[in-house]
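For reference, the structure discussed in these notes is given below.
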Amino acid sequence: MIVAGVDIGAATAKTVILDSDGVLSSSIMATGSSVARAAEVVTEEALDKVGLSMAQLGYVISTGYGRRAVPFSNKALTEIICHAVGINSVMPQARTVIDIGGQDSKVIGLDDNGNVINFVMNDKCAAGTGRFLEVMAKVLEVGIDEMGFTSLLSKNPCQVSSTCTVFAETEVVSLRADGRTREDLIAGIHKAMSHRVVIMGRTVGFNQDVVFTGGVAKNIGVKKALEDEIGLEIVVPEEPQITGALGAAILARSEYGKLHKN
10 MIVAGVDIGA ATAKTVILDS DGVLSSSIMA TGSSVARAAE VVTEEALDKV
60 GLSMAQLGYV ISTGYGRRAV PFSNKALTEI ICHAVGINSV MPQARTVIDI
110 GGQDSKVIGL DDNGNVINFV MNDKCAAGTG RFLEVMAKVL EVGIDEMGFT
160 SLLSKNPCQV SSTCTVFAET EVVSLRADGR TREDLIAGIH KAMSHRVVIM
210 GRTVGFNQDV VFTGGVAKNI GVKKALEDEI GLEIVVPEEP QITGALGAAI
260 LARSEYGKLH KN
């Protein structure tokens, strides 16, 4: 029994392959211009890692913004459901999930059984998303992978008050012209971004244990800024980008079991 969960986000496509015993492999790649093509390639890559082919997939569930454009999917489910299942499987103690991806951010509240009790999502504005960091990295001429550790060197984080990406970019350019260090600028950017996410998530609440997922979770500076904002320790999974795909794969395994229970 081989199943797959395919999570097609605006920035990255992820696939997790499962069998009856657990995770066999996973793969991540840029979504690019074709959702269908990205879904196919990322799934084939994950299968190739363990010597399998598309023909051997017994069931596939797709999730993410491009979930309905995956041609080989048996079922499409929302990323909220899939993230909850994925997180609960690896961190059953989690009660709050902060997920920040390339084009959206979300806060999800979970009960003791890992069920979603509330959530809020920002998918209309780039502020508070990975795209916001990409824009700021370009302005500061720094690699996006360098931003996290660079921000930890800050002695006096800048105050970036704008909540709009365009206006924040102008504000950062002005602060740089005033001679503020790159470290302080990046720390200020992380602080502003985290503040926006926390304000958005107040309707859900931040209850221990808090888990941080999505591509931005790999940025240690954003993690620290979020911890400072909510006053709680935050845990980042070993691979924070695949939790949605993992949840989809777990649900696919369940669906496969229902179809073949006899």
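Following our numbering, the numbering of the sequence shown begins with 10 at its first residue and continues without gaps.
C-beta atoms are modelled at their ideal positions from N, C-alpha and C, and glycine is treated no differently.
It should be emphasised that the depicted structure is a prediction, and the values quoted were computed from it without experimental measurement.
TODO: Using beta-carbon positions only, say whether E88 and G73 come within less than 8 Å of one another.
DONE: yes
Task: Limits of the unbroken beta strand (DSSP E) element including G123 - done: Neither: G123 is in no beta strand (DSSP E) and is coded neither H nor E.
Open item on the list: Taking the beta carbon of Q250 as the centre, do at least 16 other beta carbons fall within 10 Å, making it buried, or is it exposed?
Closed with: buried
TODO: Could you tell me which of F176, A85 and G110 sits nearest to V231, measuring between CA atoms?
DONE: G110
Open item on the list: For the pair the stretch 137-148 and the stretch 196-206, tell me if three or more CB-CB distances fall below 8 Å.
Closed with: yes
Task: Close beta carbons around R77, own chain, < 6 Å, minus the five adjacent residues each side - done: A85
- [ ] Select from I90, E242, I126 and V175 the residue whose C-alpha is nearest the C-alpha of A258.
- [x] A258 has its Cα closest to that of I90, out of I90, E242, I126 and V175.
Task: Whole runs of the alpha helix (DSSP H) within the stretch 152-216, excluding any shorter than 4 residues - done: 156-160, 174-186 and 191-210
Task: Limits of the unbroken beta strand (DSSP E) element including D113 - done: It is not in any beta strand (DSSP E) - D113 carries neither H nor E in the DSSP assignment.
- [ ] List the residues that DSSP assigns as beta-bridge partners of Y68.
- [x] V12
TODO: Identify, in the order they occur along the chain, each residue of the same chain with its Cβ nearer than 7 Å to the Cβ of L56, setting aside the five sequence neighbours on each side.
DONE: I26, S62 and M63
Open item on the list: Distance check for E242 and E236, CA to CA, integer angstroms please.
Closed with: 6 Å
TODO: Could you tell me if K58 is buried or exposed, where buried requires 16 or more neighbouring beta carbons within 10 angstroms of its beta carbon?
DONE: exposed
- [ ] For M38, collect the residues of the same chain with a Cβ closer than 6 Å to its Cβ; drop the 5 residues on either side in sequence, then sort them by chain order.
- [x] A22 and V51
Open item on the list: Would G75 and V99 be called neighbours here (beta carbons separated by less than 8 Å)?
Closed with: no
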